[in-house]
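Those protein sequence lines, which keep their order, are chains A and B. Taking this note's numbering, the leading residue of the first sequence gets 92, the next gets one more, and so forth. Taking this note's numbering, the leading residue of the second sequence gets 92, the next gets one more, and so forth. Glycine is no exception: its CB is placed at the ideal position from the N, C-alpha and C atoms. Quick notes on the structure that follows.
Protein chains: 2
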Amino acid sequence: MNAVMENTLAQGKNAFLQMACLSCEEKNISLERLATLIEENQDAILDANDRDLAENKDALDNALYQRLKLDAGKLKQVVQGIRQLVKLDDPAGKVLATTELDDGLILTKRAVPLGLIGIIFESRPDVMPQILSLILKSGNAVVFKGGKEAKHSNQAFMDAVIHPLTAELDFLPEGWASLMESREDVQAMLNYPQYVDLVIPRGSNQLVQSIMEKTRIPVLGHADGVCHQYVHGSADLDKALEVVIDSKTQYPSACNALETLLVDEAIADAFLPRLAQRCENEGITLHACEASITYLPKAKPATPSDWTTEYGTLTLAVKLVLGVEAAIAHINQYSSHHTDGILAEESAVQARFLKAVDSASVFVNASTRFADGFRYGFGAEIGISTARTHARGPVGLEGLVTYKFELTGHHQLVKDYVGASPARQFTHRTL
Amino acid sequence: MNAVMENTLAQGKNAFLQMACLSCEEKNISLERLATLIEENQDAILDANDRDLAENKDALDNALYQRLKLDAGKLKQVVQGIRQLVKLDDPAGKVLATTELDDGLILTKRAVPLGLIGIIFESRPDVMPQILSLILKSGNAVVFKGGKEAKHSNQAFMDAVIHPLTAELDFLPEGWASLMESREDVQAMLNYPQYVDLVIPRGSNQLVQSIMEKTRIPVLGHADGVCHQYVHGSADLDKALEVVIDSKTQYPSACNALETLLVDEAIADAFLPRLAQRCENEGITLHACEASITYLPKAKPATPSDWTTEYGTLTLAVKLVLGVEAAIAHINQYSSHHTDGILAEESAVQARFLKAVDSASVFVNASTRFADGFRYGFGAEIGISTARTHARGPVGLEGLVTYKFELTGHHQLVKDYVGASPARQFTHRTL
């Protein structure tokens, strides 16, 4: 129990109830004003970010330093993103289905905001205004925790942008967005499923895994991205090789990058020597199974842990399999169910793979790197989920809504439909 | 850890992977044969049920005894239900959306079976074949636990129906449906989110609550049904009174029966004396707030716990509130978010209530007893969920599916869309 945190969460849940009633116009006014406040307070935000950079200079490698660093260009992108969000349809309020149950008894299934969302993310401070804009557009409330390296930047966003925004716009309730200060606050938050409806962790595998293991609140995210490509005997080998290289090298640390390549025994002779050559040129280290290593002279022998490893670097595991069923079985056993593809020209084999592979994204003749909310055309990305319920795969704004059933009648009674003689019959007509 | 249970669950998960590939025709053949096997083995099933009845005669009250008892009529209904299911659309395989990302790069969002489902239900043995038929139709696998009172009946279904069905139809994998023997098995099952994708508890509030508190696996169900009606100042009082009585009395032990009645102060004089009279005639005991009890001479004083109690009997809590906002606030604080209604003629008030009440089903001028999958026209009901993610409110077969993204291309590479000059542009055209 944590009384301060419980109070924050209770206030957040109450704020959600008001946010859920905002009109689309009020949401868009908030987004426009959010964008303008960021522009107007750019100096204060960049000053705070300079303090973060100075305090963390020695602790961060160059990649993390670049992620932590804000500049006018990054803020301009954030502001552009917020203004694009204004143009998107409101994800809440949409009618998903309408059914006439009987004359004058109308059932409407309607998308509605989801609730109080807990968001935990690591160092990048530009994630925070992005998240706040998605929360506003969807009509939810949020408690979030940024990386401790970005604490001044995040606090500056709160002080210079969020607090003035909330004070200025009467229709925004106090507490619709609050900052968690510490890891202990996050731990406490995970223990309040009565207030928090969804947790979205964005960060290292370790962060996501530890959150998934600790809470009964639904989690939207993915711990691992162990993605596969399978080169079938019918593949166009020239094109397949290009897709494999793109899947591995286009951004190796991304969750949708290729980690394990399955090659059909039927084409081992024809494909593996070319793979070896190309990987050497691209600086890719291969970890090869016993059957494939004879074709891959510079490869290291793979160990069982290679089949479950997300390298995140220019390393690729290679395994020979005999036929599409063996490939499917390997993938269903070892994949993180994020994104897995086949390279094949035979349409029956493509169809079998699409049906039998149990992953959020299943690809035919395309780079695994396409598995992304923006590339899928969602306009905004909340995250990529390897959960099977609520939202799966790349998730757009629809991941921040649920639905409710609205029934409007003329004082109909159930006793007239059940037990009466003659009983009234439902019409169940789709409108 | 429980090695036997882990083995059962691993087999169930593997069976799911095969079930997910069944054609609609194979599913319907299974359902037809399931129905026939129940008809052919009626005697064995009823004999087993007689043993359950004999062994539990002294331990059960009449209502529970009637729920436990099978007869030819109940089995005929089960068989009819299974044959109706054959006619429903296959919930899996449906295309939910298609987008062209670029020329020849097509994204399909497709409904697919959900996984291995854990189901726990109490004494009614006719629930078991219903559940198995829903699992078959949706292409999932199941581990389930019936009430211990029904153990002979449940075992007879397995021995006389499920095992022969699985042996007879080559396309049904071993282990697609298994029985858990004990509460310890259920506890173990709740600890394996890597195998079990959804838990559906059907039984007492206590059972459901304890399962929700013990597992990280998503739970489809509801612990409480604390449902409200609010009689607004603009209500048609004659008709409102009939709806209140139907909501309370049509089946008082159902989860969608009325438990708390909110009455606007504006109509206290006009409405409460009539309510008192009618409730006396119907045998309803009232627990009234301080402000309303003066109008309700036979009522008992309500205590704070009345606002969160699901009586399940002919008892009704009554509270006076001033205006629709006070009614909404009471409901959002005390409701179990199952089903809450307003009785009002003013359309602005109706609209405000529909928008602001945060419950799975929100009604205007209709009995709460309509909140039910069959009445909503879903054809089959999995359960009623008060969760906010995955499935909310009455849930039909769509609660047993998820979706995946299928992307088929012509060897497109992400590097041509990102960083290339000129970069290819996505078309993002809805097909």
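Annotation: the stretch 364-399 of chain A contains the following complete segments of the beta strand (DSSP E) (minimum length 3 residues), in chain order: 376-379. For Thr257(B), no beta strand (DSSP E) run applies; the uninterrupted alpha helix (DSSP H) run containing it begins and ends at His254 to Glu259, by DSSP.
Around Glu436(B), the same chain offers Ser325, Ala326 and Asp327 as residues with beta carbons nearer than 7 Å, after the five sequence neighbours per side are excluded. Comparing C-alpha distances from Met280(A) to each of Trp267(A), Thr306(A) and Leu488(A) shows the shortest one belongs to Thr306(A). DSSP places Ala457(B) in the uninterrupted beta strand (DSSP E) bounded by Ser452 to Ala457. With respect to the 8 Å criterion, Val409(A) and Ala379(A) are classified as neighbours on the basis of their beta carbons.
Only buried fits Gly206(B), as 16 or more other CB atoms lie within 10 angstroms of its CB. Just so you know, the alpha carbons of Gly164(B) and Gln157(B) end up roughly 13 Å apart. Cβ neighbours of Asp149(A) within its own chain (closer than 8 Å, five residues either side excluded): none.
In this structure, the straight-line span from the alpha carbon of Thr521(B) to that of Leu192(B) is close to 9 Å.
Not one beta carbon of chain B lies nearer than 8 Å to the beta carbon of Val252(A). Ala145(B) has a beta carbon lying at 8 Å or more from every beta carbon in chain A. Taking Val299(B) as the centre and dropping the five residues before and after it, the same chain places the C-beta of Pro292, Gly312 and Ala314 closer than 6 Å to its C-beta, in chain order.
Take Glu356(B), set aside five residues on each side of it, and the residues of its chain with a beta-carbon closer than 6 Å to its own are Leu411 and Leu413, in chain order. Excluding its 5 nearest sequence neighbours in each direction, Leu155(A) has C-beta neighbours in its own chain below 7 Å: Ser214, listed in chain order. Val455(B) belongs to the set of residues whose beta carbon lies under 8 Å from a beta carbon in chain A.
Judged by DSSP secondary structure, His501(A) falls within the beta strand (DSSP E) whose first and last residues are Val492 to Gln503. In the DSSP secondary-structure assignment, Leu353(B) is bridged to Tyr321(B) and Lys410(B). Between Leu405(B) and Val334(B), the C-beta spacing is not below 8 Å. For Pro284(A) and Ser301(B), the gap between their C-alpha atoms comes out near 14 Å. Within the same chain, Cβ atoms closer than 6 Å to the Cβ of His243(B) are found at Ala139, Arg142 and Asp143, the five residues on either side in sequence being excluded. Counting only residues of its own chain and dropping the five nearest sequence neighbours on each side, Leu256(B) has a CB closer than 8 Å to the CB of Ser121, Arg124, Leu125, Leu128 and Leu263. A check of alpha carbon separations from Tyr467(B) across Arg483(A), His481(A) and Tyr508(A) identifies Tyr508(A) as the nearest.
When the five nearest sequence neighbours on each side are left out, the beta carbons in the same chain lying within less than 8 Å of the beta carbon of Glu472(B) are those of Asp463, Gly464, Phe465, Pro485, Val486 and Gly487, in order along the chain. Residue contact with chain B for Cys112(A): present (Cβ-Cβ distance below 8 Å to some residue of chain B). Taking 8 Å as the Cβ-Cβ cut-off, the stretch 489-511 of chain A approaches chain B at Thr493, Tyr494, Lys495, Phe496, Glu497, Leu498, Thr499, Gly500, His501, His502, Gln503, Leu504, Val505, Lys506, Tyr508 and Val509, given in chain order.
One thing to note: Pro182(A) has its Cβ within 8 Å of the Cβ of Glu489(A).
Within the DSSP bridge table, the entry for Ser269(B) names Val234(B) as partners. Less than 8 Å separates the beta-carbon of Leu151(B) from that of Leu159(B). Using a Cβ-Cβ cut-off of 8 Å, Lys330(A) counts as an interface residue toward chain B, since at least one Cβ of chain B sits closer than that to its own.
For the 8 Å CB-CB criterion, Asn347(B) and Arg483(B) do not form a contact. For Gly164(A), the three-state secondary structure derived from DSSP is helix. Contact residues of the stretch 438-472 of chain B toward chain A are Gln441, Leu445, Lys446, Ala447, Asp449, Ser450, Ala451, Ser452, Val453, Phe454, Val455, Asn456, Ala457, Ser458, Arg460, Phe461, Ala462, Arg466, Tyr467 and Gly468 (C-beta to C-beta distance below 8 Å). The beta-bridge partner set that DSSP reports for Thr430(B) consists of Ser452(B). Here the alpha carbons of Arg365(B) and Glu304(B) stand approximately 43 Å from one another.
For Ala390(A), the CB contacts under 6 Å within the same chain, skipping 5 residues up- and downstream, are Leu377, Ala379 and Ile384 in chain order.
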